[in-house]
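Each remark here refers to the structure printed beneath this line.
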Amino acid sequence: MPTSTEPFEVLFEFTNDGPELVTLQLTPGSTTEYVTSSPSVSEGPTTRLYPKESVSLVLNAGATYHYMVKQSTRKAQISYK
């Protein structure tokens with residue numbers, strides 16, 4: 001059975017359903033490279049989400065993405081492929 005060779009995208013929606021500010025950050029090790037203004041900066045692009053806010057990210061299918069989610073003193077790592 002033939003498979004599709006057309007590239008497609010995946011929509012990732014992240015919603016802050018907690019009572020505190022949350023940051024979502026692309027971390028090193030992701031397939032997609034990000035550009036920083038300083039070579040000494042090892043952190044990727046970051047977005048802040050206040051309670052009930054959400055962000056939609058368009059990801060390339062087949063690429064691996066690593067994110068760090070931070071809330072107060074708690075951290076969680078998320079990987080998508």
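Taking our numbering, the leading residue of the sequence shown gets 1, the next gets one more, and so forth.
Ideal Cβ positions, reconstructed from N, Cα and C, are used throughout, including at glycine.
Please read all numbers here as calculations on a predicted model, not as lab measurements.
- Exposure of residue 58 is indicated by the presence of fewer than 16 other C-beta atoms within 10 angstroms of its C-beta.
- Listed in chain order, the non-local C-beta contacts of residue 23 below 6 Å within the same chain comprise 46, 48 and 70, local neighbours out to five positions each way being set aside.
- A straight-line Cα-Cα distance of about 14 Å links residue 81 and residue 26.
- Bridge partners of residue 56 according to DSSP: 13.
- Per DSSP, the unbroken beta strand (DSSP E) holding residue 46 starts and ends at 46–49.
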